[in-house]
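Residue numbers 1070 to 1300, in my numbering, belong to the letters of the sequence shown in order. Read the structure below first, then the notes.
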Amino acid sequence: MSLSQIFSLLLFWLTLSCPILKADAEFLDLRHSSKVFGEERNFRIFLPPDYDQKPEKHYPVIYFFHGYGERHNVPTREGAGGYDRGDQYQGDNIAKFVEKNDVIVVKWDGYNPRTEGENYPRPYNIGPVETYRQFPLYFPELVQFIDTHYRTIPDRDHRAISGLSMGGFMSYWVGGKYPHLVGSVSNFMGSAEFVVGPKEFPAEYLHTDMYRNYEGMDTRLVLGSRDFIRW
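Here it is as structure tokens:
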């Protein structure tokens, strides 16, 4: 056997034995100007591995709403928020999901600073009224920004929302409010329906009325094995 044949055979076996390196999903922590909040708002966006290599390609989008006490990038509770990337939870995380399913995922920042005299000061401003700094009012603004600046498929059938805990409750709320914008809603161990604020504060709408808008929408409620809301 000649030297060139030996080299070719060696190269062939090396090719078979070496693992194929798969590109990772890229994520970016960015800000944009919000008219609803009157300030710069944070978000984290996960882009598929081939996003930069295929400029003609457009992608579905999933918006993810984190839980109470967390942020878009750094969790404030021990053990929370490890679902972005890494080896936690057997590598089951958002980055891997983006790689496998060829989608864009956007995490908004649920932080809402406590304001003196505000009726609904908690993050997400949960309540049956629409005042300033309301996250349900902010959602269409964020969607418009993402669709304008990234190669999305900008229609209802290719746009989904999901959330964890209080973010799961928010996903149900936003889905019921904007059925023309969202085709799928997923609630992971979501908080039960609740209201923050004085009892005498007038309600502009009832959540039960919004839930009637789910007709024709893929709606999921996912409960963990230790979730106290079970039946």
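Just so you know, even glycine gets a beta-carbon here, dropped at the ideal spot from N, CA and C. As the structure is a computational prediction, the values presented were derived from the model and not from experiment.
If Asp-1098 and Asn-1111 are in contact, beta carbons under 8 Å, what's the gap, nearest whole angstrom? Indexing the sequence shown from 1 puts residue 1098 at position 29. Indexing the sequence shown from 1 puts residue 1111 at position 42. The distance from the Cβ of Asp-1098 to that of Asn-1111 is about 7 Å, consistent with a contact at the 8 Å cut-off.
Do Met-1286 and Ser-1253 have their C-beta atoms within less than 8 Å of each other? In the sequence shown, residue 1286 corresponds to position 217, counting from 1. In the sequence shown, residue 1253 corresponds to position 184, counting from 1. In this structure, Met-1286 sits near Ser-1253, with a CB-CB distance shorter than 8 Å.
Residue closest to Pro-1223, alpha-carbon to alpha-carbon, out of Leu-1233, Met-1239, Leu-1211: Reading the sequence shown from its first residue, position 154 is the one you call residue 1223. When each option's Cα is compared against that of Pro-1223, the closest is Leu-1211.
Applying the criterion that 16 or more other CB atoms from any shown protein chain within 10 Å of the CB defines a buried residue, is His-1135 buried or exposed? Within the sequence shown, residue 1135 is the residue found at index 66, counting from 1. Counting Cβ neighbours within 10 Å, His-1135 comes out buried, since at least 16 surround it.
Mapping the DSSP letters down to three states, classify Val-1212 as helix, strand or coil. By one-based count along the sequence shown, residue 1212 stands at place 143. Three-state DSSP puts Val-1212 in a helix.
Quick one: what does DSSP say Gly-1232 is sitting in, helix, strand or coil? Counted from its first residue, the sequence shown places residue 1232 at position 163. Three-state result, Gly-1232: strand.
Segment limits, alpha helix (DSSP H) that includes Lys-1165: Mapped onto the sequence shown, residue 1165 falls at position 96. That run of the alpha helix (DSSP H) goes 1163-1170.
Nearest to Arg-1220 by CA position, among Ser-1102, Lys-1246, Arg-1100, Val-1130, is which residue? Along the sequence shown, read from residue 1 onward, the residue named residue 1220 stands at position 151. Out of Ser-1102, Lys-1246, Arg-1100, Val-1130, Val-1130 has the C-alpha closest to the C-alpha of Arg-1220.
Taking His-1127 as the reference, give the member of Asp-1216, Gly-1237, Val-1291, Thr-1277 with the closest Cα. By 1-based counting over the sequence shown, the position of residue 1127 is 58. When C-alpha distances from His-1127 are compared across Asp-1216, Gly-1237, Val-1291, Thr-1277, the shortest belongs to Asp-1216.
Since Phe-1096 sits in a beta bridge, which residues does DSSP pair it with? Position 27 of the sequence shown, counted from the first residue, corresponds to residue 1096. Phe-1096 is bridged by DSSP to Phe-1115.
Based on Cα-Cα distance, which residue from Lys-1176, Asp-1093, Ser-1255 lies nearest to Phe-1204? Residue mapping note: residue 1204 aligns to position 135 of the sequence shown, counting from 1. It is Lys-1176.
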